[in-house]
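Numbering (our numbering), first residue to last: 2 to 337. Glycine included, every Cβ here is placed at the ideal spot set by N, Cα and C. Only a predicted model underlies this, so the values are computations on that prediction, with no experimental measurement involved. Step one of this worksheet: look at the structure below.
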Ligand code: KG4
Ligand code: ZN
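See the structure below:
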């Protein structure tokens with residue numbers, strides 16, 4: 002089965018062609034990062050309009066680069082939620098319309114299921130069951146995964162998502178959006194131990210997270226060391242970035258270890274934008290190696306939003322016999 006995947010839930014137009022026999026045949030992505038940069042965050046209406054402009058030309062490019070004809074596509078999978086409603090509508094309408102024109106089935110995919118299954122696209126995919134840490138701009142969740150669609154939520158953030166915390170801390174340090182990669186880069190120049198930030202909710206049992214207190218702590222530290230221009234000096238900014246990243250990473254690692262102990266499982270996958278973080282990967286790799294387990298993640302470009310994960314997740318759902326009707330329904334809020 003050959004599936005066209007369409008991702009438009011936020012500010013990336015992602016397309017991919019996945020073949021259940023041959024694997025990923027091609028993928029392409031248009032990022033709107035520059036479009037939203039001057040606003041310090043994603044402007045929903047601008048995002049929708051840009052998806053409209055870019056989507057169909059990208060479908061054409063993908064098919065030609067993958068050496069595939071439209072009549073070789075067996076199904077269309079599009080992100081149906083959660084995400085920005087207008088942006089989701091663009092992908093859903095285009096996906097539904099293409100499926101209708103090509104006379105093939107279409108399926109709406111849960112964006113976080115896409116992220117969760119992205120490590121399956123790698124050469125050595127993890128085997129079920131495993132614990133998944135989903136860390137994106139909108140979600141921070143620990144999930145027990147026993148198979149496609151068999152998910153049990155173990156814990157989640159009660160306020161900000163980990164990625165959102167990275168983005169907000171970056172803004173405080175006058176770094177561009179999305180802030181995660183910028184904080185990670187700056188943190189490399191930071192001195193370990195000059196600042197120690199709190200590890201929220203790790204001193205009590207449970208698998209939930211809270212990152213809003215860490216945000217306030219960061220804001221206070223920045224204000225305390227700010228010069229005339231409202232910012233601390235460059236080295237202090239780097240030290241703050243280091244302390245912030247370390248607090249998030251260690252908090253996530255503590256909860257992952259706890260989730261593995263609680264479930265008795267030894268395989269962890271990390272997915273979503275923050276799983277691109279090199280420090281997070283290193284800390285979890287060391288922790289899992291010590292415990293005799295293993296951590297899996299997608300290649301860097303498939304950690305953040307992309308069409309490949311949607312094509313893959315849609316393909317698995319379709320192979321299991323799931324189909325959507327002709328209606329175009331999107332769910333801006335949708336639990337996994
Ligand atoms: O999964 P994603 O692309 O979009 C959502 O579904 O939200 O995640 C985007 C988030 C942003 O908050 C971004 O700052 C964060 O992932 N991110 C990172 C890194 N790369 C992206 N956070 C920390 N370190 C990174 N290297
Ligand atoms: Zn995402």
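### Message
Looking at ligand 2, does it come within less than 7 Å of residue 161, judged from the CB to the closest heavy atom?
### Response
No, the Cβ of residue 161 stays beyond 7 Å of every heavy atom of ligand 2.
### Message
Could you check whether the Cβ of residue 137 sits closer than 7 Å to any heavy atom belonging to ligand 2?
### Response
In this structure, ligand 2 has a non-hydrogen atom nearer than 7 Å to the beta-carbon of residue 137.
#### Entry: Sub-8 Å separation of residue 106 and residue 100 beta-carbons
Residue 106 is a Cβ neighbour of residue 100, given a cutoff of 8 Å.
### Task
Please report the Cβ distance between residue 131 and residue 269, rounded to the nearest whole angstrom; I am assuming they are in contact, meaning their Cβ atoms lie under 8 Å.
Correct: roughly 6 Å between the Cβ atoms.
### Query
What number of angstroms, rounded off, separates the C-alpha of residue 5 from the C-alpha of residue 17?
Approximately 6 Å between the Cα atoms of the pair.
### Message
For a test of your reading of the model: does the CB of residue 183 fall under 7 Å from any non-hydrogen atom of ligand 2? Yes or no.
### Response
Ligand 2 never approaches residue 183 closely enough for any of its heavy atoms to be under 7 Å from the residue's Cβ.
### Query
Do you know whose CA, among 20, 40, 82 and 188, lies nearest residue 240's CA?
With distances taken between CA atoms, residue 240 lies nearest to 188 out of 20, 40, 82 and 188.
### Query
Any idea if residue 154 is buried or exposed, counting beta-carbon neighbours within 10 angstroms, 16 or more meaning buried?
Exposed, since its Cβ has fewer than 16 Cβ neighbours within 10 Å.
### Buried versus exposed call for residue 40 [16 or more other C-beta atoms within 10 Å across all chains shown]
By the Cβ neighbour-count rule, residue 40 is exposed, with fewer than 16 other Cβ atoms within 10 Å of its own.
### Task
Give me whichever residues DSSP pairs with residue 19 in a beta bridge.
Residue pairing for residue 19: DSSP places it in a beta bridge opposite 4 and 25.
#### Entry: Exposure label - residue 88; buried when at least 16 CB within 10 Å
Its Cβ being crowded by 16 or more others within 10 Å, residue 88 is buried.
### Message
Between 20, 12 and 311, which has its C-alpha nearest residue 75's C-alpha?
### Response
Nearest option by C-alpha distance: 20.
### Task
Check the DSSP bridge columns for residue 111 and list the partner residues they point to.
Beta bridge pairing from DSSP links residue 111 with 82.
### Task
Report back the beta-carbon spacing between residue 219 and residue 245 to the nearest angstrom; my notes put them in contact at under 8 Å.
So it is a contact: roughly 5 Å between Cβ atoms.
### Message
Taking its Cβ as the centre, do 16 or more other Cβ atoms sit within 10 Å of residue 65, making it buried, or is it exposed?
### Response
Taking all protein chains in view, the Cβ of residue 65 is surrounded by fewer than 16 other Cβ atoms within 10 Å, so the residue is classified as exposed.
### Message
When you compare the region 247-255 with the region 172-181, are there three or more beta-carbon pairs, one atom per stretch, that lie closer than 8 Å?
### Response
Contact between the region 247-255 and the region 172-181 is not established, with fewer than three Cβ pairs separated by less than 8 Å.
#### Entry: Reduced DSSP category for residue 236 - H, G, I as helix; E, B as strand; rest coil
If DSSP states are grouped into helix, strand and coil, residue 236 belongs with the helices.
### Task
Please report how far the alpha carbon of residue 208 lies from the alpha carbon of residue 68, in whole angstroms.
So the alpha carbons of these two residues sit roughly 46 Å apart.
### Message
residue 303 and residue 162 - do their beta-carbons sit closer together than 8 Å?
### Response
No, Cβ-Cβ distance for residue 162 and residue 303 is not below 8 Å.
### Query
With distances taken from CA atoms, which of 328, 314 and 329 is nearest residue 322?
Ranking the options by Cα distance to residue 322, first place goes to 314.
### Query
What span of residues does the alpha helix (DSSP H) with residue 144 cover, start to end?
Looking at the DSSP string, residue 144 is not in any alpha helix (DSSP H); the run it does join, the beta strand (DSSP E), is 141-148.
### Query
For residue 44 versus residue 52, is the C-beta distance shorter than 8 Å?
No; because the gap between Cβ atoms is not below 8 Å, this pair is not in contact.
### Sequence-distant residues of its chain with Cβ nearer than 8 Å to residue 90 (five each side left out)
Within its own chain, the residues whose Cβ lies closer than 8 Å to the Cβ of residue 90, once the five positions on either side in sequence are excluded, are 49, 329 and 331, listed in chain order.
### Task
Please name the residue in 335, 137, 201 and 86 whose C-alpha comes closest to that of residue 251.
Looking from the CA of residue 251, the closest CA among 335, 137, 201 and 86 belongs to 201.
### Query
Is residue 311 near residue 14, with beta carbons less than 8 Å apart?
Taking 8 Å as the Cβ cut-off, residue 311 and residue 14 do not qualify as a contacting pair.
### Query
Hey, quick one: how far does the beta strand (DSSP E) through residue 295 stretch, first residue to last?
That run of the beta strand (DSSP E) goes 295-298.
### Query
Whose C-alpha, out of 325, 206 and 309, is nearest the C-alpha of residue 121?
Ranking 325, 206 and 309 by Cα distance to residue 121 puts 309 first.
### Task
Verify whether the separation of the beta carbon atoms of residue 345 and residue 333 is less than 8 Å.
What the structure shows of the chain is the stretch from 2 to 337, and residue 345 is not part of that stretch, so it cannot be assessed.
### Message
Could you check whether the Cβ of residue 15 sits closer than 7 Å to any heavy atom belonging to ligand 1?
### Response
Outside the cutoff, so no.
### Query
Within 7 Å: the Cβ of residue 277 and any heavy atom of ligand 1?
Under cutoff, so the answer is yes.
### Query
Start and end of the alpha helix (DSSP H) containing residue 53?
That run of the alpha helix (DSSP H) goes 45-66.
### Query
Assuming residue 171 contacts residue 243 under a Cβ cut-off of 8 Å, what Cβ separation, rounded to an integer in Å, is found between them?
Residue 171 to residue 243, Cβ: 13 Å. No contact.
### Backbone secondary structure at residue 213 - three-state DSSP
Residue state, collapsed to three classes: helix.
### Query
Going by beta carbon distance, what residues of the same chain come within less than 8 Å of residue 10, once the five residues before and after it are set aside?
80, 82, 83, 84, 85, 88, 89, 92, 112 and 306, listed in sequence order.
### Task
Check whether the region 134-146 touches the region 272-281, counting contact only when three or more Cβ pairs, one atom from each stretch, lie closer than 8 Å.
The answer is yes - the region 272-281 touches the region 134-146, with three or more Cβ pairs under 8 Å.
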